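Heads up: the sequence shown begins at 1 in full-length UniProt numbering, then just goes up one per residue.
Beta carbons are placed, not taken as given, at the ideal position from N, Cα and C, and that holds for glycine.
Remember, it's a predicted structure, so these values are computed and weren't measured experimentally.
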Amino acid sequence: MLISSGSGWRNFSQKLFGAALLSAALLSGCASQGTQPVAESDESKAITGEPVLLFLGQDTYTIDEYHRTVPEDELEGVTLYTGVFQQATNENFPGVYTPAHWDSGIIDFQKTLSDFPSAALAIGLAFTDKPVDQDRIAKEIAEGKFDEPITRFAQTLRDHQQPVYLRIGHEFDGPWNQYHPASYKAAFRHIHDLLEQAGATNVKTVWHSATWPDKSLGGERASDYDHQRPEMLNDWYPGDDVVDVVGVSVFYRDLTVWTYTPPDTPQRAQDQLLDFARAHHKPVMISEAAPQGYRIAELSRSPIMKNEPVSISAEALWNEWYQPFFDFIDDNRDVITSVAYINTHWDSQFMWHCIPGGQAGQPHCPSGFWGDSRVQVNPLIRERWLKEVLNPKKYLQAGKPSEKK
């Protein structure tokens with residue numbers, strides 16, 4: 001069902017951006033009347049009348065493996081990552097021009113885009129791979145010190161011609177990234193301006209929140225990451241004029257895989273962000289999502305802070321994570337217009353590996369426990385996943401017109 005070049009692709013592309021623009025316009029109209037869209041049934045929840053765009057990632061091998069083992073699902077969107085690391089042009093944006101590897105899968109933009117020429121592209125754009133440098137790099141981006149490589153990158157995205165969802169400084173409010181609100185916003189705005197100057201009209205800028213519920217990881221700067229603080233989101237927001245889409249991470253909605261009770265809850269923070277998007281008339285992208293703490297092949301569940309798995313049935317796994325996840329999308333289709341799922345065997349990648357009994361932050365479990373989120377490795381999960389994502393009334397199908405009435 002991949003779309004051939006020509007009118008089929010143009011129609012698909014126009015659908016993607018037309019839906020986003022109409023979504024924003026209708027949200028604006030609802031807000032101006034002092035009301036929020038209210039749906040009586042699932043069929044009327046998507047205010048654009050168009051299905052949700054599904055991305056899959058997050059590395060080249062993961063994408064290839066899904067395509068090979070799940071041939072029923074042609075990929076409408078793919079997710080990859082890169083970053084602004086050094087001022088020298090040839091040392092920036094790894095993976096875009098030559099393959100890159102961060103112990104989390106190979107990133108090869110050229111191969112992936114060649115293999116899936118009609119797929120929309122979602123990009124996580126980091127400001128360096130060293131957290132201690134994040135604020136410095138953000139400031140230097142805003143000062144124009146990276147204009148040459150960023151402009152080249154913008155031109156590259158423009159020339160791809162398919163829709164691109166660029167998550168600038170993704171998960172800006174994740175304490176692990178150590179961004180600062182002022183420099184982050186300035187960098188975001190400057191990158192937006194360079195995209196505009198390059199004529200990259202196919203690129204949508206995404207302001208992507210981690211909605212992490214535990215501000216304490218921020219240490220002395222905990223208030224910067226406190227989603228319960230009324231002005232927190234406003235402090236980080238670059239502005240309506242430069243943000244096209246609001247992004248949110250959804251690795252869990254409740255505390256099932258947590259070993260302690262954080263100051264906030266994932267659900268409250270996520271719901272608050274969606275309300276923020278509604279107030280600003282912006283469509284929402286679930287920019288990163290996966291059942292963290294679960295192993296689909298092994299059928300187990302573990303706390304995300306420590307690798308201590310217990311057995312679980314496929315039915316229970318679906319009911320604990322996937323069903324609430326899809327319900328969350330359906331219940332908020334007035335704003336959610338795109339979703340990026342991470343279909344990865346986290347255990348096999350060194351960055352995410354956690355030894356048995358390992359605790360988050362320790363040398364052999366640096367990023368906590370992630371597991372295995374590949375939907376194709378269990379028959380029940382695979383079947384139900386496909387029943388959901390191949391439903392043309394809910395999800396955009398490459399090469400197929402919408403059947404939504």
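Distance check between GLY361 and each of SER338, ASP193, ASN332 and LYS306 places LYS306 closest, using alpha-carbon atoms only.
The DSSP-derived three-state label of ALA289 is strand. When DSSP states are grouped into helix, strand and coil, THR69 belongs to the helix group. By the Cβ neighbour-count rule, PRO379 is exposed, with fewer than 16 other Cβ atoms within 10 Å of its own. For LYS204, the enclosing beta strand (DSSP E) has its first and last residue at 203-209. Counting the other Cβ atoms within 10 Å of the Cβ of TYR260 gives fewer than 16, which makes it exposed. Contact between the stretch 277-286 and the stretch 365-374 is absent: fewer than 3 CB-CB pairs across the two stretches fall below 8 Å.
Between ILE329 and GLU288, the gap from beta carbon to beta carbon reaches 8 Å or more. ALA122 is bridged by DSSP to THR79 and TYR165.
Excluding its 5 nearest sequence neighbours in each direction, ILE304 has C-beta neighbours in its own chain below 6 Å: VAL257, GLN292, GLY293, GLY368 and PHE369, listed in chain order. Nearest to LEU53 by alpha-carbon distance, out of GLY83, ILE296, PRO163 and HIS67, is PRO163.
Out of PRO283, ASP214, VAL78 and SER216, the CA that lies nearest to the CA of ALA122 is found in VAL78. Unbroken beta strand (DSSP E) stretches of 3 residues or longer found wholly inside the stretch 127-201: 164-168, given in chain order. In this structure TRP385 is buried. Its beta-carbon is surrounded by 16 or more other beta-carbon atoms within 10 angstroms. Separation of the CB atoms of ALA100 and ALA142 is rounded to 25 Å, and the pair is thereby denied contact status at 8 Å. CA-to-CA, the gap between VAL206 and GLN376 works out to about 29 Å.
Of the other Cβ atoms in all chains shown, fewer than 16 fall within 10 Å of the Cβ of HIS364; this residue is therefore exposed. Between the stretch 188-196 and the stretch 214-221 there are fewer than three inter-stretch CB-CB distances shorter than 8 Å, so the stretches are not counted as touching. The straight-line gap separating the alpha-carbon atoms of PHE127 and ALA138 is approximately 6 Å. Within 10 angstroms of the beta-carbon of ILE63 lie 16 or more other beta-carbons, which makes it buried. With fewer than 16 other CB atoms across the displayed protein chains lying within 10 angstroms of its CB, LYS145 is exposed.
In the structure shown, the three-state DSSP call for THR337 is strand. Per DSSP, VAL389 lies in no beta strand (DSSP E); the unbroken alpha helix (DSSP H) holding it starts and ends at 379-389. The C-beta distance from LEU317 to ILE296 rounds to 7 Å, short enough to meet the 8 Å contact threshold. Taken in chain order, the whole beta strand (DSSP E) runs of length 3 or more contained in the stretch 253-312 are 284-289. Here ILE336 really is in contact with VAL284; their C-beta atoms are around 5 Å apart, less than 8 Å.
DSSP places LEU54 outside any alpha helix (DSSP H); the residue lies instead in the beta strand (DSSP E), whose first and last residues are 53-57. Here DSSP, grouped into helix, strand and coil, assigns ALA360 to coil.
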